[in-house]
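Visitor:
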Amino acid sequence: MKASHRFVAPLAVLCAAGLISFWPASARALIFPPPVFVPASSSLTLTLTDDVLAGSPNIFSDPIAGASIPSTIPPFQLNHTLTTGTTPTTSSALGVAGADQQTSNIQMGAGLTSGTGTLQTNVPGHFYTGASDTDIAVSYDWTIGSLGFPQVGHFPGISYSFALGGVVGTGGSAEFKVNMKFFTGTGAVPIQVGSLVLDDLFSTAGNFTKLDSGSVLLNGGSTIPANNAFQMIGTIDFLAKNEESPSNINLQSDSGFGIAQFDSLDLPEPGIAGLAFAAAAAMLLRRNRRNAVTISA
0 MKASHRFVAP
10 LAVLCAAGLI
20 SFWPASARAL
30 IFPPPVFVPA
40 SSSLTLTLTD
50 DVLAGSPNIF
60 SDPIAGASIP
70 STIPPFQLNH
80 TLTTGTTPTT
90 SSALGVAGAD
100 QQTSNIQMGA
110 GLTSGTGTLQ
120 TNVPGHFYTG
130 ASDTDIAVSY
140 DWTIGSLGFP
150 QVGHFPGISY
160 SFALGGVVGT
170 GGSAEFKVNM
180 KFFTGTGAVP
190 IQVGSLVLDD
200 LFSTAGNFTK
210 LDSGSVLLNG
220 GSTIPANNAF
230 QMIGTIDFLA
240 KNEESPSNIN
250 LQSDSGFGIA
260 QFDSLDLPEP
270 GIAGLAFAAA
280 AAMLLRRNRR
290 NAVTISA
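Right, here's the structure in full:
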């Protein structure tokens, strides 16, 4: 990406990560009609499954109605442990998660609370054959403003940043997966205009960290028409599998993704952040390595 093509990261991502986002003067000067979040048709569900390979796993689910979805990064909305067996021979799965929606005239997004993730402790019980999973199911709806999205002279894209970390126990694994789809339209059948699919697998025993960040084009670079419905729907999963010692995976800082505006069609390739975003993200990862967050029972 050429240095002259400046990447504009979404407020939902950079602010969620504790970073500052600076917008061009043209963006600040223009009063641009923002999208409107639609609580009535939006939902958020946080679910912990103790063993994804079990025929009848233990499941704990926390559905959150649209009107109750916060607009800033919240404390954990899910903080639950599932246990199989009797002391001292047990297996357990801990899931913690927090999620929000964030809306402004230059972004539509979702943030995730630092520490969100999964811990599986399968010893000494060995009741689980598969990974434990903390699943965040998002179905968010907006109505685009009267001038479309984004503002004239910009292009729509998806920007994301997930600061991952944890521990892979001996013989175990940890995995982070995102499968999100984005739709727009005015009729009964929405049109898909983009997707975000990520899969990070960690299988080497020991501590790990990874900053998974980048950007992808949305709607072929075309403006989303005025007054259209816009929807993001899909899942974010944190999976941990333990054979001989506990495994966990969780966010090392507030993270998230959002629909952003870009100054150019010359977007970074998927998985590679724009110049300004990459520098801020690298600084964030260095800080997280010094102050790692690890969930524990």
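Residue numbers for the sequence shown follow numbering that gives the first Met the number 0, beginning at 0 and rising by one.
Ideal Cβ positions, reconstructed from N, Cα and C, are used throughout, including at glycine.
In this structure, does DSSP put Pro38 in helix, strand or coil?
Guide: Helix at Pro38.
Visitor: Going along the chain, which unbroken runs of the beta strand (DSSP E) with 3 or more residues stay wholly within the segment 37 to 92?
Guide: List check, beta strand (DSSP E) in window: 42 to 48, 58 to 64, 77 to 85.
Visitor: Could you give the DSSP three-state label for Asn241: helix, strand or coil?
Guide: In this structure, Asn241 counts as coil in the three-state DSSP scheme.
Visitor: Measuring straight from C-alpha to C-alpha, what distance separates Gly114 and Leu146?
Guide: Their Cα atoms are separated by approximately 38 angstroms.
Visitor: Within this structure, are the beta carbons of Ser131 and Gln119 separated by less than 8 angstroms?
Guide: A contact, by the Cβ cut-off of 8 angstroms.
Visitor: Name the DSSP bridge partner or partners of Ser160?
Guide: DSSP output for Ser160 lists Ser212, Gly255 as bridge partner(s).
Visitor: Here's the rule: buried if 16 or more other CB atoms are within 10 angstroms of the residue's CB, otherwise exposed. What is Glu174?
Guide: Buried.
Visitor: For the beta strand (DSSP E) containing Thr120, name the first residue and the last one.
Guide: Taken as a continuous stretch (DSSP letters only), the beta strand (DSSP E) holding Thr120 covers 116 to 120.
Visitor: Is the beta carbon of Gln251 less than 8 angstroms from the beta carbon of Leu163?
Guide: Yes, Cβ-Cβ distance for Gln251 and Leu163 is below 8 angstroms.
Visitor: DSSP state of Gly144, grouped into three classes?
Guide: Reduced to three states, the DSSP call for Gly144 is coil.
Visitor: Spatial neighbours of Phe182 within its chain, please: CB distance less than 6 angstroms, with the 5 preceding and 5 following residues excluded, ordered by chain position.
Guide: Cβ neighbours of Phe182 beyond the five flanking positions: Pro189, Gln191, Gln230.
Visitor: Would you kindly work out how many angstroms separate the C-alpha atoms of Leu93 and Gln100, rounded to a whole number?
Guide: Each residue's alpha carbon lies about 24 angstroms from the other.
Visitor: Would you mind working out which of Ala225, Phe126, Leu210, Pro69 sits nearest Ala53, comparing C-alpha positions?
Guide: Comparing Cα positions, the closest option is Phe126.
Visitor: Answer yes if the segment 134 to 141 comes into contact with the segment 214 to 222, meaning at least three C-beta pairs across the two stretches below 8 angstroms, and no otherwise.
Guide: The segment 214 to 222 vs the segment 134 to 141: no contact.
Visitor: Leaving aside the five residues before and after Gly270 along the sequence, list all residues of the same chain whose C-beta is less than 7 angstroms from its C-beta, in chain order.
Guide: The predicted model places Gly270 with a pLDDT of 33, which falls under 50 and marks its position as unreliable, so this point remains unresolved.
Visitor: Skipping 5 residues on each side, what residues in its chain have a beta carbon closer than 7 angstroms to that of Ala39?
Guide: Hits under 7 angstroms: Gly65.
Visitor: Roughly how many angstroms separate the alpha carbons of Phe59 and Thr133, rounded to a whole number?
Guide: Going by the C-alpha atoms only, they are around 10 angstroms apart.
Visitor: Pull up the DSSP beta-bridge partners for Val196, would you.
Guide: Looking at the DSSP assignment, Val196 forms a beta bridge with Asn178.
Visitor: Please name the residue, chosen from Leu200, Thr128, Gly144, that lies closest to Pro32 on a Cα-to-Cα basis.
Guide: Selected option, being the one with the closest Cα: Gly144.
Visitor: Classify Ile271 as helix, strand or coil using the three-state DSSP reduction.
Guide: Any answer about Ile271 is weak, because its pLDDT of 32 lies below 50 and its placement is not dependable; what the coordinates show is given next. Correct three-state label for Ile271: coil.
Visitor: Using the three-state DSSP reduction, which class does Gly220 fall into: helix, strand or coil?
Guide: In the structure shown, Gly220 sits in a helix (DSSP, three-state: H, G or I).
Visitor: For Thr51 and Ala239, I'd like the C-alpha separation in whole angstroms.
Guide: For the record, residue 51 in the displayed sequence is Val; it is not Thr. Approximately 10 angstroms between the Cα atoms of the pair.
Visitor: Would you kindly check if the distance between the Cβ of Leu45 and the Cβ of Asp61 is under 8 angstroms?
Guide: Yes, the pair counts as a contact, with Cβ atoms nearer than the cut-off.
Visitor: Let's test the definition: count the other Cβ atoms within 10 Å of the Cβ of Gly168 and tell me whether it reaches 16, buried, or not, exposed.
Guide: The residue in question, Gly168, is buried, as its Cβ has 16 or more Cβ neighbours within 10 Å.
Visitor: What did DSSP end up calling Tyr127 once you bin it into helix, strand or coil?
Guide: In this structure, Tyr127 counts as coil in the three-state DSSP scheme.
Visitor: Given Asn206, which residues of its chain have a CB within under 7 angstroms of its CB, disregarding the five upstream and five downstream residues?
Guide: Taken in chain order, the residues that qualify are Val166.
Visitor: With H, G and I counted as helix, E and B as strand and the rest as coil, what does DSSP make of Ala96?
Guide: Ala96: strand per DSSP, three-state reduction.
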